[in-house]
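Below is one structure, written out as C-alpha cells, with a few remarks after it.
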Amino acid sequence: MTTETITEEDLITRAQQALSSCNWVIGECAAEWTQKYAKGRTDADFGVLIGLSGDQVYQRRRVWQTFADVYDNYTGLKWSHFYVALNWDDAAECLQWAQDMEATVAEMKAWRRAQHGEDLSEPATEESPFDVVPEYLTAETGIVRMPGDYTGVGGGSGDGETGGGGSREPQMTAASANRESDYAPFGKEARGPAPGEGASTRDEPSAEQVFRKGAAALERVVASLTPAMIEDFHDLPAELQQRFLDAVENLQARAAGLS
1218 MTTETITEED LITRAQQALS SCNWVIGECA AEWTQKYAKG RTDADFGVLI GLSGDQVYQR
1278 RRVWQTFADV YDNYTGLKWS HFYVALNWDD AAECLQWAQD MEATVAEMKA WRRAQHGEDL
1338 SEPATEESPF DVVPEYLTAE TGIVRMPGDY TGVGGGSGDG ETGGGGSREP QMTAASANRE
1398 SDYAPFGKEA RGPAPGEGAS TRDEPSAEQV FRKGAAALER VVASLTPAMI EDFHDLPAEL
1458 QQRFLDAVEN LQARAAGLS
C-alpha cells in the first residue's frame, strides 16, 4: 500500500483556498510545510506564497500545533477562542466552560478573570498570546508566489530574501503589522468576531438562554464547593470572602421571586 505524497504546491494551494474560510487548515498547512519543505525558510516566506503576513501564518501555525489534537472536542467554539487561550495554563478549563455555556470570546475572558479573583469593573490588562520571534517575520508580505519563483535562503535576489551582500527588508513584527496595515489578530480573515465586535447589533439573549446558562454555571459552582474547598474559604483574603458572600446574597435576592 502506497501513501500519496503531499507536495509543497498541494499545501500552498490548500492554504490559499482556505484563506477566507478556515484558519485551522492554514495552520495545518503551515505546520506541515515548516516540517517538510521550509529548508531554512520562515513563516514569512510561507506567507509570501499564500498571501498572508508572517505573523498571520505564525499565529495560525502555533494555534494548530497547540490544539490540533483536541479542538474537535469543542465544536461550539471559534478559532478565536483558541487563539486567546494559547498561553493560558488553564486553557482546557476555560475552553470547556465556553463550550458548555456557548460563550463568546469576551465572555470566556471575563469568566477567566473572575476565576482569578480579578475585579471585572476594572479594565483588563491585555497581553498578546504571542511573543513573536523576529526571524519568523522577515519577508515582504502581500505578494503571492509559487515555489519555483523562490530561490531559497542564501541564493538569488528574490524579494524578501536575506542572502549575503543584499540589503535586508525591514523586519515585520506583530505590533508594526497593526500600525502599518489593516491587519488585526481578529481581522476579516479570522473565524468569528473579535471580542466585543458586533456587540451593538447582537440580539439580547432570551430568558431560556439566560436561565440555561445560569443553571449550568451554578451547577459547576456547587460541584466545586467540596467540604475541603469550603474549609479553605476562611483562609482567603477578606476582600475575596466578602465579594463571594455578596454575590451569594445578591443571587438569593434576585431569585427570591422564582419559587
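The opening position of the sequence shown corresponds to residue 1218 in the numbering used here, with each subsequent residue numbered one higher.
Cβ atoms here follow ideal geometry from the backbone N, Cα and C, with glycine treated the same way.
In this text, all values refer to a predicted model and were calculated from it rather than measured experimentally.
Count the other CB atoms, across all protein chains shown, that sit within 10 Å of the CB of residue i; report buried if there are 16 or more and exposed otherwise.
i	result
Phe1299	buried
Asn1240	buried
Asp1260	buried
Gln1276	buried
Ile1447	exposed
Gln1273	buried
Asp1262	buried
Leu1435	exposed
Phe1450	exposed
Lys1253	exposed
Ala1315	buried
Arg1471	exposed
Ala1407	Its pLDDT being 35, under 50, Ala1407 is placed unreliably in this model, and the coordinates cannot settle the point.
Glu1466	exposed
Ser1423	exposed
Ser1270	buried
Leu1453	exposed
Among the candidates the options, whose CA atom is the shortest distance from the CA of residue i?
i	options	result
Arg1429	Trp1305, Lys1256, Gln1459, Met1318	Met1318
Gln1459	Asp1336, Ala1473, Ser1238	Asp1336
Val1427	Lys1326, Leu1462, Ala1327, Ala1320	Ala1320
Leu1457	Ala1331, Val1438, Pro1340, Arg1471	Ala1331
Ala1235	Ile1267, Lys1253, Glu1225	Ile1267
Asp1307	His1333, Glu1225, Thr1224	His1333
Arg1278	Gln1316, Arg1329, Thr1251	Thr1251
Ala1433	Glu1339, Ala1445, Gln1313	Gln1313
Ser1441	Ala1470, Glu1226, Glu1310, Thr1283	Glu1310
Lys1256	Val1280, Ser1476, Glu1225, Phe1284	Glu1225
Leu1294	Val1439, Leu1462, Met1325	Met1325
Ala1323	Ala1248, Ser1297, Gln1233	Ser1297
Ala1464	Thr1342, Glu1339, Val1438, Asn1304	Val1438
Trp1305	Arg1258, Thr1292, Arg1329	Arg1329
I need the DSSP call for residue i, collapsed to helix, strand or coil.
i	result
Gly1474	coil
Leu1294	coil
Ala1323	helix
Glu1352	Confidence at Glu1352 is low in this model, with a pLDDT of 43, below 50, so its placement is unreliable and the value that follows should be read with caution. Helix.
Tyr1254	coil
Cys1311	helix
Pro1340	coil
Leu1236	coil
Trp1305	coil
Ser1423	coil
Thr1230	helix
Gly1334	coil
Leu1457	helix
Val1439	helix
Ile1223	coil
Val1465	helix
Val1242	helix
Go to residue i, then tell me how far its alpha helix (DSSP H) extends in each direction, as first and last residue.
i	result
Pro1444	1444 to 1448
Gly1271	1271 to 1284
Asp1262	1260 to 1267
Does the structure place the segment 1278 to 1291 close enough to the segment 1235 to 1252 that three or more beta carbon pairs sit under 8 Å?
The segment 1235 to 1252, when compared against the segment 1278 to 1291, does touch it at the 8 Å Cβ threshold.
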